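Below is one structure, written out as structure tokens; comments come after it.
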Amino acid sequence: MKLGNRGQALVEYLLIIAVISVVVVSLVKLLGGYLQDSVTKSSCSLVDKVYVEGSKPGEGQCVDK
Numbered sequence: 187m188k189l190g191n192r193g194q195a196l197v198e199y200l201l202i203i204a205v206i207s208v209v210v211v212s213l214v215k216l217l218g219g220y221l222q223d224s225v226t227k228s229s230c231s232l233v234d235k236v237y238v239e240g241s242k243p244g245e246g247q248c249v250d251k
């Protein structure tokens, strides 16, 4: 009977990991453009360029001054 309980616990842990993974992937998909814009803004300031916003989140780019 102990082997059955171990298997059940393993399946429960796998389900928890799967749910957490789906949530994380969804958040990255939802916020990915905003994160990309944030990184692009920072890199523009490092290379002494100007950040220009795109029409959608994640489409911004660096241009020469």
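Offset between the sequence shown (1-based) and the working numbering: plus 186. Virtual Cβ for every residue (Gly too), placed ideally from N, Cα, C. Here the structure is a predicted model, which is why all the values come from computation and not from measurement.
Less than 8 angstroms between the C-beta atoms of residue i and residue j, yes or no?
| i | j | result |
| --- | --- | --- |
| CYS230 | TYR237 | yes |
| CYS248 | VAL233 | yes |
Could you compute how far the alpha carbon of residue i sits from the alpha carbon of residue j?
| i | j | result |
| --- | --- | --- |
| ASP250 | GLU239 | 14 angstroms |
| VAL214 | SER207 | 11 angstroms |
| MET187 | GLY244 | In this predicted model, MET187 has a pLDDT of only 49, less than 50, meaning its place in the structure is not dependable; the value taken from the coordinates is given anyway. Rounded to whole angstroms, MET187 to GLY244 spans 53 angstroms at the Cα level. |
| VAL210 | ALA204 | 10 angstroms |
| VAL197 | LEU216 | 28 angstroms |
Tell me where the beta strand (DSSP E) around residue i begins and ends.
| i | result |
| --- | --- |
| VAL249 | 247-249 |
| VAL236 | 236-238 |
Could you tell me how far apart the beta carbons of residue i and residue j are, in whole angstroms, since I believe they sit closer than 8 angstroms?
| i | j | result |
| --- | --- | --- |
| ASP223 | GLY246 | 5 angstroms |
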